[in-house]
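Going by the working numbering, the sequence shown opens with residue 4, and the numbers climb by one from there. Note that CB positions come from ideal geometry on N, CA and C, so glycine has one too. One structure is given here, and the rest of the page talks about it.
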Amino acid sequence: MLFSLEPKATRRELYDRDRELNELSGSVDRGDRIVVVYGIRRVGKTSLVRAFLSEARHPYVLVDVRQVYFTEGSVSANVLVRYVLDGFREFMGRRDRLWASLRDVLRGIDWVRVSPGGVEVRLSRRSRVDLTELFRAIDEWCEHNSTRFVIVLDEAQYMRFSNIRYDGVLAWAYDNLGRVTFIVTGSEVGVLRDFLRVEDPEAPLFGRYIKEIYVDRFNKDASLDFLRRGFAELGVAVGEGELVEVYEHLDGVVGWLTLYGYLRGVEGLSHKEALARVLNDGARLVLSELEALIKPSRARYLAILGAVAHGLNTWSEIRRYVEVRTGYIADSVFNRLLMNLIRYGYLGKAGDAYVIQDPMVARAVANVSIG
Ligand SMILES: Nc1ncnc2c1ncn2[C@@H]1O[C@H](COP(=O)(O)OP(=O)(O)OP(=O)(O)O)[C@@H](O)[C@H]1O
Ligand SMILES: [Mg+2]
């Protein structure tokens, strides 16, 4: 069903995305070592990666780093290793012979416990979890089996909440492991860029080739076609004018289109109710991520975004608005906050004017209280 809410898992279930899928599989088959899949919230990154994994021949693990962070409170090496080992289980059920040989390799690591039920971390006082040891073992196993292992770190920007520097680990893997590909995804594009620091000569990943795949919104034709097909599948008649309204509010973000379709087509909400619910959920999601980012200067950040959402677009107009709302602000501070919002994708620039490109963000910040 086109309007099913969980991430899609096969190419057949996906609307469109053939180009992105082919790009992803081409890149992994070529042996690229790090692939980054960028795209805003709900645009279909996880679905794309899952569809790729389902048709690729490669063994893999997929770690939902955002979920790890919210469940565990941090993404320490111990925690990450535990999730990687857990991820083997899925694969274990499917490919017995291969799995048995991987299990033998893992047995050689003294802090890993292999039992009939699975693999676990077992720490004694002397042993220490060492990610590089685990990745090297996987790489050697691939060498013997002429295969390539794919490690997916979904929403990898959450790896910054850790006691270790994962960009260093990735750089080490890039240099030393020929048969492991990391696919990292991120919806907070600026945050992920900051975490990887590919352009920073002082940073470990500097100068490495990283393949980037950008998952974009659907254009108007594709969005309308997607909605029509989804409703046709459910046998629900909808008005063309309503669909155009949905496109205009949700701006081609497939996750929101899907939610609208589900609420209306499956749950039976009216057009107006369904659209209102989606806009509400969207605003909540935007705000929860924004809150984490702007914590140290919440009022000022929100004042900047509020100014732009209300149509003030130039540097001096925005600055004046911020001072009226939150008091004196030095130029340097104001510029830094503006730059951060641009870097993290909440603000864009068109000529001299500052704009909010994402209508979901505009709605969310227009109504939030600065207090
Ligand atoms: N190409 C597609 N065709 C049909 N439905 C899709 C497509 N891509 C995504 N979806 C649907 O959109 C929703 C969001 O998809 P998904 O979870 O893959 O996006 P995401 O970018 O990973 O989201 P998040 O930022 O929350 O992690 C899901 O309901 C999924 O089924
Ligand atoms: Mg996702």
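Checklist entry - To which residues does DSSP link residue 157 through a beta bridge? => result Indexing the sequence shown from 1 puts residue 157 at position 154. According to DSSP, which records beta bridges pairwise, residue 157 is partnered with 67.
Item to check | C-beta atoms of residue 264 and residue 233 nearer than 8 Å | outcome: Counting from one through the sequence shown, the residue named residue 264 turns up at place 261. Counting from one through the sequence shown, the residue named residue 233 turns up at place 230. In this structure, residue 233 lies closer than 8 Å to residue 264 by Cβ.
Checklist entry - Does at least one heavy atom of ligand 1 sit under 7 Å from the Cβ of residue 8? => result Here residue 8 refers to the residue found at position 5 of the sequence shown. Proximity of the beta carbon of residue 8 to ligand 1 is indicated: a heavy atom of the ligand is located closer than 7 Å.
Checklist entry - To the nearest whole angstrom, what separates the beta carbons of residue 38 and residue 214, a pair I think is in contact under 8 Å? => result For this step, residue 38 is matched to residue 35 along the sequence shown. For this step, residue 214 is matched to residue 211 along the sequence shown. At roughly 5 Å, the Cβ-Cβ gap stays under 8 Å, so residue 38 and residue 214 are in contact.
Item to check | 6 Å CB neighbourhood of residue 351 in its chain, flanking five on each side removed | outcome: Here the question's residue 351 lines up with position 348 in the sequence shown. The answer, listed in chain order, is 358, 360.
Item to check | Cβ-based burial, residue 240 [other Cβ within 10 Å; buried from 16] | outcome: Working through the sequence shown from its first residue, we reach residue 240 at position 237. Looking at its Cβ environment, which holds fewer than 16 other Cβ atoms inside 10 Å, residue 240 is exposed.
Next on the checklist: Can you give me the C-alpha to C-alpha distance between residue 119 and residue 84, rounded to a whole angstrom?
Outcome noted: For the purposes of this step, residue 119 is identified with residue 116 of the sequence shown, where counting begins at 1. For the purposes of this step, residue 84 is identified with residue 81 of the sequence shown, where counting begins at 1. Going by the C-alpha atoms only, they are around 19 Å apart.
Checklist entry - DSSP beta-bridge partners for residue 335? => result For this step, residue 335 is matched to residue 332 along the sequence shown. Its beta-bridge partners do not exist; DSSP assigns none.
Checklist entry - How about residue 262 and residue 246: are their beta carbons less than 8 Å apart? => result Taking the sequence shown and counting its residues from 1, one reaches residue 262 at position 259. Taking the sequence shown and counting its residues from 1, one reaches residue 246 at position 243. The answer is no: Cβ separation not under 8 Å.
Item to check | Supposed close pair residue 289, residue 303 - CB separation, criterion 8 Å | outcome: Here residue 289 refers to the residue found at position 286 when the sequence shown is read from its first residue. Here residue 303 refers to the residue found at position 300 when the sequence shown is read from its first residue. Distance from residue 289 to residue 303 at the Cβ level is roughly 18 Å; contact not present, criterion being Cβ atoms closer than 8 Å.
Checklist entry - Can you tell me the Cα-Cα spacing of residue 248 and residue 271, whole angstroms? => result The count along the sequence shown starts at 1 and reaches residue 248 at position 245. The count along the sequence shown starts at 1 and reaches residue 271 at position 268. Rounded to the nearest angstrom, the two C-alpha atoms are 18 Å apart.
Checklist entry - When burial is assigned at 16 or more other CB atoms within 10 Å of the CB, is residue 146 buried or exposed? => result In the sequence shown, counting from the first residue as 1, residue 146 sits at position 143. By the neighbour-count definition (other C-beta atoms within 10 Å, threshold 16), residue 146 is an exposed residue.
Checklist entry - Cβ of residue 48 versus every heavy atom of ligand 2: is any distance shorter than 7 Å? => result To locate residue 48, count along the sequence shown from 1; it is residue 45. At least one heavy atom of ligand 2 falls within 7 Å of the beta-carbon of residue 48.
Item to check | Integer-rounded CB distance, given that residue 42 should sit under 8 Å from residue 281 | outcome: Here the question's residue 281 lines up with position 278 in the sequence shown. Here the question's residue 42 lines up with position 39 in the sequence shown. Not confirmed; about 18 Å, so no contact.
Item to check | residue 375, DSSP secondary structure in three states | outcome: The displayed coordinates of the chain run from 4 to 374. Any statement about residue 375 would go beyond what the structure contains.
Next on the checklist: So, does the region 161-179 touch the region 204-213, judging by three or more C-beta pairs under 8 Å?
Outcome noted: With contact defined as three or more Cβ pairs closer than 8 Å, the region 161-179 and the region 204-213 are in contact.
Checklist entry - If you compare alpha carbons, which of 347, 9, 57 is closest to residue 420? => result No information on residue 420 is available, as it lies outside the stretch 4 to 374 that the chain covers here.
Item to check | Closest Cα partner of residue 342 within the set 307, 372, 364 | outcome: In the sequence shown, counting from the first residue as 1, residue 342 sits at position 339. It is 307.
Next on the checklist: Just verifying my parser: in three-state terms, what is the DSSP assignment at residue 112?
Outcome noted: Along the sequence shown, read from residue 1 onward, the residue named residue 112 stands at position 109. Per DSSP, reduced to three states, the secondary structure at residue 112 is coil, with no helix or strand assignment.
Checklist entry - So does the region 175-184 actually touch the region 151-164, counting three or more Cβ pairs closer than 8 Å? => result Counting C-beta pairs closer than 8 Å gives three or more between the region 175-184 and the region 151-164, which meets the contact rule.
Item to check | Distance between beta carbons of residue 47 and residue 258, contact taken as under 8 Å | outcome: For the purposes of this step, residue 258 is identified with residue 255 of the sequence shown, where counting begins at 1. For the purposes of this step, residue 47 is identified with residue 44 of the sequence shown, where counting begins at 1. Going by Cβ atoms, the distance from residue 258 to residue 47 rounds to 7 Å, so yes, they are a contact pair.
Item to check | residue 216 - DSSP class collapsed to helix/strand/coil | outcome: Numbered from its first residue, the sequence shown carries residue 216 at position 213. Three-state result, residue 216: strand.
Next on the checklist: Below 7 Å, is the gap between the Cβ of residue 18 and the nearest heavy atom of ligand 1?
Outcome noted: Counting from 1 along the sequence shown, the entry for residue 18 is found at position 15. Checking every heavy atom of ligand 1 against the Cβ of residue 18, one is found closer than 7 Å.
Item to check | residue 110 to residue 136 span [Cα, whole Å] | outcome: Mapped onto the sequence shown, residue 110 falls at position 107. Mapped onto the sequence shown, residue 136 falls at position 133. For residue 110 and residue 136, the distance between alpha carbons rounds to 12 Å.
Item to check | Closest Cα partner of residue 163 within the set 197, 178, 139 | outcome: Here residue 163 refers to the residue found at position 160 when the sequence shown is read from its first residue. Of the residues 197, 178, 139, the one whose Cα lies closest to the Cα of residue 163 is 197.
Checklist entry - Roughly how many whole angstroms lie between the Cα atoms of residue 138 and residue 221? => result Position 135 of the sequence shown, counted from the first residue, corresponds to residue 138. Position 218 of the sequence shown, counted from the first residue, corresponds to residue 221. So the alpha carbons of these two residues sit roughly 37 Å apart.
Next on the checklist: With H, G and I counted as helix, E and B as strand and the rest as coil, what does DSSP make of residue 43?
Outcome noted: Translated into the one-based positions of the sequence shown, residue 43 becomes position 40. Coil, per DSSP.
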